[in-house]
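See below for the structure under consideration.
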Amino acid sequence: MKGTRMSEARKNPVEFDVPDCIERRWSPIAYSAEAVDAATLAALFEAARWAASCFNEQPWRFVLARRDDAERFGPMLDCLVPPNREWAQHAGALVIVCAMNEFGRNGKPNPHAWFDSGQATTQLMLTAVHHGLHCRAMGGFDAQKARELLQIPEQADPVCAVAIGRLDDGSRLEAGVAARDQAVRDRHSLDEIVFEGSFGSSAKLG
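Counting from -5, one number per residue, gives the positions in the sequence shown under my numbering.
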């Protein structure tokens, strides 16, 4: 449905009672060129700041580039693979999520850093929905290029890129991409992912 969008009314077909921001969270491709104000960005990163982490290490680090700051936005956009670059150029902001790969207290490797940084990123993304924004996380980026262009040190692993912004009507997307953007989302059933007693033995829920 190119040119129309189920904006904020769009909800996931959840089967049980979940918070509204989870029911409304999805990962759109069509973003408007509208900037994201500093106060809202601060709220998103504040939510990320309060994520749980192993030994309270808080390994997450975020490199931010706002669309209205071409000097910073351009290099970060260049870190994305071309298909992502095509639509992400319209996002209000881009972020490279990094994970500090060593414990600060003893310098030993932190095997939980990526997981913990993912938790922080999820809190950021859900808070974006709360503020009328949406995010799309991307694995399609050049981590080494990001390290070089954004001066990311060796003790920080570039984990993913995230686009943040407000929804657009999708008119800039190619027909096939627009259809994918509007497709109904689905998930594995609870029977397929929640086991009880032993792996593969579906839990009896609901």
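Here a beta-carbon is modelled for each residue, glycine too, at the ideal position from N, C-alpha and C.
Measure from the alpha carbon of residue i to the alpha carbon of each residue in the options, then state which is nearest.
| i | options | result |
| --- | --- | --- |
| His124 | Asp11, Asp136, Gln149, Trp20 | Trp20 |
| Gln52 | Gly164, Phe39, Ala87 | Phe39 |
| Ala107 | Ala33, Glu148, Trp54 | Trp54 |
| Gly112 | Pro152, Phe10, Gly164, Gly86 | Pro152 |
| Ala32 | Ala87, Ala24, Asp14, Val8 | Ala87 |
| Leu35 | Arg79, Gln145, Leu58 | Leu58 |
| Leu144 | Ser26, Met70, Pro13, Ile16 | Met70 |
| Arg166 | Tyr25, His128, Ala150, Arg99 | Tyr25 |
| Cys154 | Ser195, Phe109, Ser183 | Phe109 |
| Asp14 | Ala37, Gly101, Thr121, Gly68 | Thr121 |
| Arg4 | Ile146, Arg18, Pro105 | Arg18 |
| Leu184 | Gly101, Ala27, Gln149, Lys198 | Lys198 |
| Met27 | Asp163, Ala173, Ser196, Glu186 | Rather than Met, the amino acid found at residue 27 in this sequence is Ala. Answer by Cα proximity: Asp163. |
| Lys102 | Arg141, Gly200, Phe49 | Phe49 |
| Ala93 | Ser47, Gly200, His128 | Ser47 |
| Met119 | Val12, Arg79, Ala41, Glu168 | Ala41 |
| Glu96 | Ala150, Ser196, Asp136 | Ala150 |
| Arg61 | Arg79, Ile16, Asp136 | Arg79 |
Taking buried to mean at least 16 other C-beta atoms within 10 Å of its own C-beta, is residue i buried or exposed?
| i | result |
| --- | --- |
| Asp72 | exposed |
| Gln138 | exposed |
| Asp180 | exposed |
| Ala114 | buried |
| Gln117 | buried |
| Val8 | exposed |
| Asp63 | exposed |
| Arg(-1) | In this prediction, Arg(-1) has a pLDDT of 40, which is less than 50 and means its spatial position is unreliable; what the coordinates show is noted afterwards. Counting Cβ neighbours within 10 Å, Arg(-1) comes out buried, since at least 16 surround it. |
| Trp81 | buried |
| Arg99 | exposed |
| Gly205 | Any question about residue 205 goes unanswered here, given that the chain covers just -5 to 200. |
| Asn104 | buried |
| Pro22 | buried |
| Ile90 | buried |
| Phe10 | exposed |
| Gly126 | exposed |
| Gly(-3) | Residue placement at Gly(-3) is poorly supported in this model, since its pLDDT is 35, which falls under 50; the coordinates are not used for a value here. |
| Phe67 | buried |
| Val30 | buried |
| Arg174 | exposed |
| Met182 | One detail in the question is off: residue 182 reads as His in this sequence, not Met. It is exposed - the Cβ of His182 has fewer than 16 other Cβ atoms within 10 Å. |
| Val12 | exposed |
Name the DSSP bridge partner or partners of residue i?
| i | result |
| --- | --- |
| Gly159 | His128 |
| Phe189 | Ser196 |
| Glu96 | Pro103 |
| Pro69 | DSSP output for Pro69 lists no bridge partner at all. |
| Pro152 | Cys92 |
| Leu167 | Its beta-bridge partners do not exist; DSSP assigns none. |
| Leu74 | Phe135 |
| Ala87 | Arg60, Ile158 |
**OP:** Specify whether the segment 129 to 147 and the segment 67 to 87 touch according to this definition: at least 3 beta carbon pairs, one from each stretch, less than 8 Å apart.
**Re:** The count of Cβ pairs closer than 8 Å, one atom from the segment 129 to 147 and one from the segment 67 to 87, reaches three, so the stretches are in contact.
**OP:** Please list the segments of the alpha helix (DSSP H) lying wholly inside the segment -1 to 66, counting only runs of 4 or more residues, in order along the chain.
**Re:** 14 to 17, 32 to 43, all fully within the segment -1 to 66.
Subject >> Three-pair Cβ contact test at 8 Å for the segment 145 to 160 versus the segment 83 to 97 >> reply: Result yes; three or more Cβ-Cβ pairs closer than 8 Å.
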